[in-house]
Amino acid sequence: MAFEIPKQTYSGAIRSVTIGKGAKAITLGGETSYPFYLFEGEMANIPKIAMEVWDTDPGEEWADPCKEPFKDVLADPVAWAKKCVNDYGAQALALILVSTDPNGDNAPAEKAAATAKKVLEAVDVPIIVYGTGNVEKDAEVLPAVAEACQGANLVLGPVQDKNYKKIGAACLGYNHSVAANTPIDVNLAKQLNILLGQLGVKDNTILVDPTTGGLGYGMEYTYSVMERDRMAALTQEDEKLQSPIINYMSQEVWKVKECKQTNEEAPQLGDQTKRGILMEAVTAVSLLLAGADLLIMRHPEAVKLANTIISELAS
Amino acid sequence: MALTGIAIFKMLPKTNCKECGFPTCLAFAMALASGKAELAKCPYVSEEAKEQLAEASAPPIRPVKLGPKDAVKTIGGETVMFRHEKTFFNPTLIAGLLTTAMSDAEVSAKLDTFMKMQFERVGLNLRPEMFAIQDVDGDAGKFAALVKKVMEGSDALIMLCSDKPEILKAGAEVAKDRRPILYAATAANADAMGALAKELDLPLVAKADGYDALAELTTKLTGMGLKDLLLDSGARKLKQVFQDNIVFRRAALVPKFRPFGFPVVNCVAEMTNDPMLQTVYAATCIAKYGGIVVLSDLQPDSVFPLLLQRLNIYTDPQKPMIVTQGIYPLNNPDENSLIAVTTNFALTYFIVSGEIEGCKVPTWLLIKDTEGLSVMTAWAAGKFSGDDVGMFVKKSGITEKAKTRSLIIPGYAAAISGDLEEELPDWKILIGPREASHIPAFLKSL
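Top to bottom, those sequences are chains E and S.
Counting the first sequence from 1 gives a position; my numbering is that position plus 10.
Counting the second sequence from 1 gives a position; my numbering is that position plus 469.
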């Protein structure tokens with residue numbers, strides 16, 4: 011008797027969320043099976059990668075291998091954004107408003123919003139705009155960005171349970187999507203989606219940001235929470251968890267010691283550039299297999315490797 | 470599916486002789502069903518019942534033991550599809566490739582790299598553990614010599630690869646102390662390979678293209694009395710490898726399809742020549758059910774990320790990861806360096822130590838046992854109180870290592886600073902940031 015693949019039955023599907031405007035807008039989600047389980051379901055839209063752009067020169071914050079591909083544009087977010095799209099074929103961008111950090115430069119909201127607008131006007135791909143995670147400051151900055159970029163259908167985040175009203179309302183008013191961020195917990199993710207829903211934010215404008223742990227630094231917590239999210243969404247029809255997932259992973263990967271150590275500091279770990287690229291790419295693969303729909307990544311070579319895996323698994 | 474107590478009861482003698490230590494056969498059957506007793510306790514059970522019960526209680530995926538007696542490694546033995554459902558038990562083995570076409574110097578260099586590739590991390594030694602040794606020209610003497618070199622120059626586990634049983638035999642005799650895996654039996658050589666594996670009592674990889682052919686092959690081999698088998702579906706394209714790994718795991722667990730109840734070998738070395746791409750292929754196999762991944766070359770820049778990923782995926786999610794209480798020197802601190810304290814929840818430790826290491830400020834990090842609770846929960850549960858932390862700091866021995874008398878406490882535990890000042894009158898208590906990401910700026914400001 012011929013062997014038959016024992017198949018999982020799925021009762022739910024991941025919602026489709028479209029971000030950006032015009033010809034380069036992208037649609038996320040639409041899966042009807044576990045990630046890449048294409049022998050028993052579909053992935054209407056393959057996962058996408060947004061390349062990270064900072065609104066301020068990362069300086070010492072970034073390891074050298076990450077600065078190298080962008081060394082001529084690090085001080086100019088517009089040129090940096092263009093380079094990601096024109097030279098590296100980025101399908102989306104993630105503008106991180108690091109300058110607004112109250113523990114850092116503490117730049118005013120209007121200035122950050124003006125930068126976001128300039129970047130938006132310079133490229134045609136969808137843009138994710140992230141604040142620094144500071145609850146109060148993000149609640150000033152992100153609504154200002156929403157207003158300045160009215161109608162562009164950005165993704166604004168991280169939206170947290172303590173500032174969802176202000177940022178959610180701004181997204182609603184100026185037509186953007188939200189990245190709803192909770193600290194590695196299925197129930198909290200669901201709860202925030204419910205709160206956003208009560209505010210009037212439509213389900214098809216919500217992405218879930220489950221908080222991402224670095225490789226070797228808690229990545230497994232994120233991995234399992236994402237798998238549980240997917241299980242609830244696809245097999246238990248938990249509608250409030252059927253949102254596509256976004257991971258801001260690059261910052262977590264590259265800030266760890268093993269990515270920052272140079273060849274002189276850690277010869278036993280091999281080449282710093284290769285190691286860093288692979289730390290980022292291996293993290294990306296892990297998150298993709300756990301259910302990521304949109305990854306924020308940094309190094310062009312790591313992006314390329316992740317895209318290869320996506321296209322081979324989804325082909 | 471495991472048998473119920475009633476089903477087991479039907480197979481017992483039903484004499485209530487009490488020799489098993491239970492008052493009745495039914496009580497014994499119930500204990501068996503829940504895994505609290507062993508069948509061997511019953512002196513009167515029939516051979517037939519023994520076999521049936523052994524079959525029913527056998528793990529769905531065969532745990533295959535490798536390596537020397539004093540350092541046995543197991544692959545397989547998994548019981549779930551997702552790690553949060555219980556845990557994954559036996560981490561994917563990471564193997565490098567050696568062939569008889571390589572020069573002596575090349576092999577020596579690879580063995581040397583392998584032996585040096587060991588990384589310390591929270592009390593664990595992370596390293597790759599295996600070599601696949603491949604015969605490329607059918608020369609048994611050359612093959613045995615290469616195996617001997619690996620035995621002498623490393624402590625690696627070994628997989629012997631050839632399509633000729635006599636070649637494998639020559640290698641197996643040299644490597645027998647480490648219980649090498651034989652690769653591979655195919656439809657064409659199954660009789661001879663099966664007989665060899667049986668004679669030497671070694672694990673054997675069954676390799677066939679397609680599910681039906683592979684199931685037929687493993688059924689034939691188990692029919693020859695072999696128990697320790699591994700699977701290779703022959704797929705060398707990522708999409709098919711991924712699907713096969715999932716199908717084997719699921720078929721073995723859910724309908725308990727015995728022909729696929731074995732660990733899987735993934736030869737990513739044969740999927741691409743690009744070492745970077747091989748690494749991400751290997752990452753796919755580590756996350757999704759590979760028992761062994763074979764890479765063409767083991768280099769630290771590619772192996773290290775895989776070791777971290779494997780550590781993450783195979784960490785037991787049932788128990789909070791805990792770091793041992795004590796003093797952790799970060800960035801080579803000396804007697805004038807800063808001192809900070811936090812809880813022993815591993816995620817707290819990783820994030821805090823990661824931030825401190827990232828900003829390169831020499832610091833003594835004191836980790837207090839809070840039974841794996843994070844800062845806020847530990848404080849709320851009274852396991853990170855001023856008295857407690859004060860006592861811990863006094864007994865920790867930090868005063869012998871550092872002259873500084875300033876203690877940085879987590880921002881979320883700011884409330885304990887008053888009690889702590891009373892407990893540690895000679896110390897200045899500094900309240901650190903609430904979020905770990907603000908630690909670098911804070912330390913640099915001191």
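Ideal Cβ positions, reconstructed from N, Cα and C, are used throughout, including at glycine.
Which listed residue (Arg285/E, Ser325/E and Asn317/E) has its alpha carbon closest to that of Leu775/S: Measuring from the Cα of Leu775/S, the nearest candidate turns out to be Arg285/E.
So which residues on chain E does Leu777/S lean against when the C-beta distance must stay under 7 Å? Against chain E, a Cβ distance below 7 Å from Leu777/S picks out Leu225 and Gly226.
Name the residue from Leu777/S, Tyr797/S and Leu816/S whose alpha carbon lies nearest to the alpha carbon of Pro789/S. Nearest option by C-alpha distance: Leu816/S.
Partners in chain S for Phe80/E, counting only beta-carbon separations shorter than 8 Å: By Cβ distance, chain S contributes nothing, its closest Cβ being about 20 Å from Phe80/E, past 8 Å.
Can a CB atom of chain E be found closer than 7 Å to the CB of Ser914/S? Answer no: the Cβ-Cβ gap between Ser914/S and chain E never drops below 7 Å.
I want to verify the contact list: residues of chain S whose CB lies under 8 Å from the CB of Asn55/E, in sequence order. Ordered by position in chain S, no residue passes the 8 Å Cβ test against Asn55/E, which lies about 17 Å from the chain.
Beta-carbon of Thr753/S versus every beta-carbon of chain E: anything under 7 Å? Thr753/S counts as touching chain E.
Quick one, which residues of the region 230-243 of chain E are near chain S if we go by CB-CB under 8 Å, in chain order? Along the region 230-243 of chain E, going in chain order, the ones with a CB nearer than 8 Å to a CB of chain S are Glu230, Tyr231, Tyr233, Ser234, Glu237, Arg238 and Met241.
Check each candidate in Trp264/E, Ile216/E, Asp195/E and Val145/E and name the one with the smallest Cα separation from Leu225/E. Across the set Trp264/E, Ile216/E, Asp195/E and Val145/E, the C-alpha of Trp264/E shows the shortest separation from the C-alpha of Leu225/E.
Taking the continuous alpha helix (DSSP H) assigned at Pro153/E, which residues delimit it? Under the DSSP assignment, Pro153/E falls in the alpha helix (DSSP H) whose first and last residues are Val145 to Ala158.
Leaving aside the five residues before and after Val235/E along the sequence, list all residues of the same chain whose C-beta is less than 7 Å from its C-beta, in chain order. Within the same chain, and ignoring the five residues on either side of Val235/E in sequence, the residues whose Cβ sits closer than 7 Å to its Cβ are Ile194, Asp195, Val196 and Pro220.
For Phe717/S and Met470/S, the rounded distance between their alpha carbons: Because Met470/S carries a pLDDT of 43, less than 50, the predicted location of this residue cannot be relied on, and the following value inherits that uncertainty. Approximately 17 Å, taken between the alpha carbons.
What residues in the region 806-828 of chain S bring their beta carbon closer than 7 Å to a beta carbon of chain E? When C-beta distances to chain E are compared with 7 Å, the residues of the region 806-828 of chain S below that value are Leu816, Phe819, Ile820, Gly823, Glu826 and Gly827, in chain order.
Between Gly563/S and Phe731/S, how many whole angstroms is the CB-CB distance? I'm expecting something under 8 Å. Gly is not the amino acid found at residue 563/S; the sequence shown has Ile there. About 19 Å; that fails the 8 Å criterion.
Listing by chain order, which chain S residues have their CB less than 9 Å from the CB of Leu288/E? The contacting residues are Met745, Thr748, Val749, Ala752, Asp770, Ser771, Phe773, Pro774 and Leu775.
Straight-line gap, Pro786/S to Leu84/E (C-alpha atoms, nearest Å): Straight-line Cα distance between these residues: approximately 40 Å.
If you measure from the beta carbon of Met470/S to each beta carbon in chain E, is any gap under 7 Å? Confidence in Met470/S is poor, its pLDDT being 43 and thus under 50, which makes the residue's placement unreliable; the coordinate value appears in the next sentence. The Cβ of Met470/S sits no closer than 7 Å to any Cβ of chain E.
Give the range of the beta strand (DSSP E) segment to which Ile530/S is assigned. It is not in any beta strand (DSSP E) - Ile530/S carries neither H nor E in the DSSP assignment.
Identified DSSP bridge partners for Ala653/S: None; Ala653/S has no bridge partner.
For Thr548/S, which three-state DSSP category applies? Thr548/S falls in the coil class under three-state DSSP.
Quick one: any contact between the region 585-605 of chain S and the region 766-783 of chain S, if contact means 3 or more CB pairs under 8 Å? With three or more CB-CB distances shorter than 8 Å, the region 585-605 of chain S counts as touching the region 766-783 of chain S.
Could you run through the region 530-546 of chain S and flag, in chain order, every residue whose CB is less than 8 Å away from some CB of chain E? If you check each beta-carbon in the region 530-546 of chain S against every beta-carbon of chain E, none falls closer than 8 Å.
Using the rule of at least 16 other Cβ atoms within 10 Å of the residue's Cβ for burial, across every protein chain shown, is Lys676/S buried or exposed? Counting other Cβ atoms within 10 Å of its Cβ, Lys676/S reaches 16 or more and is therefore classed as buried.
Pull up the distance between the alpha-carbon of Asp606/S and that of Ala657/S, whole angstroms please. Going by the C-alpha atoms only, they are around 19 Å apart.
Rounded to the nearest angstrom, what separates Ala190/E and Lys913/S at their Cα positions? Straight-line Cα distance between these residues: approximately 32 Å.
On the three-state DSSP scale, how would you describe Asp701/S? Note: Asp701/S maps to strand in three-state DSSP.
At a Cβ threshold of 7 Å, is Arg552/S touching chain E? Closer than 7 Å to the CB of Arg552/S there is at least one CB belonging to chain E.
Against Leu707/S, what residues of chain E qualify as contacts under a CB-to-CB distance less than 8 Å, listed in chain order? In chain order: Ile319, Glu322 and Leu323.
Ala664/S: which of Pro649/S, Asp681/S and Gly694/S sits nearest, CA to CA? Just measuring C-alpha positions, the residue of Pro649/S, Asp681/S and Gly694/S sitting nearest Ala664/S is Gly694/S.
Taking 7 Å as the CB-CB cut-off, is Ala149/E touching chain A? In summary, chain A is missing from the structure at hand, where the protein chains are E and S.
Taking the straight line between their C-alpha atoms, what separation do you get for Ala104/E and Leu567/S? Roughly 43 Å separates the two Cα atoms.
Endpoints, the alpha helix (DSSP H) within which Thr741/S is located: Per DSSP, Thr741/S lies in no alpha helix (DSSP H) and is assigned neither H nor E.
If you measure from the beta carbon of Arg874/S to each beta carbon in chain E, is any gap under 7 Å? Not an interface residue.
Applying the criterion that 16 or more other CB atoms from any shown protein chain within 10 Å of the CB defines a buried residue, is Asp743/S buried or exposed? Counting Cβ neighbours within 10 Å, Asp743/S comes out exposed, since fewer than 16 surround it.
Tell me which residues of the region 776-800 of chain S have at least one Cβ-Cβ distance to chain E shorter than 7 Å, keeping chain order. With the criterion set as a beta carbon lying under 7 Å from some beta carbon of chain E, the members of the region 776-800 of chain S are Leu777, Gln778, Leu780, Asn781, Ile782, Thr784 and Pro786, in sequence order.
Hey, how far is the Cα of Ser253/E from the Cα of Pro118/E? Going from the Cα of Ser253/E to the Cα of Pro118/E covers about 32 Å.
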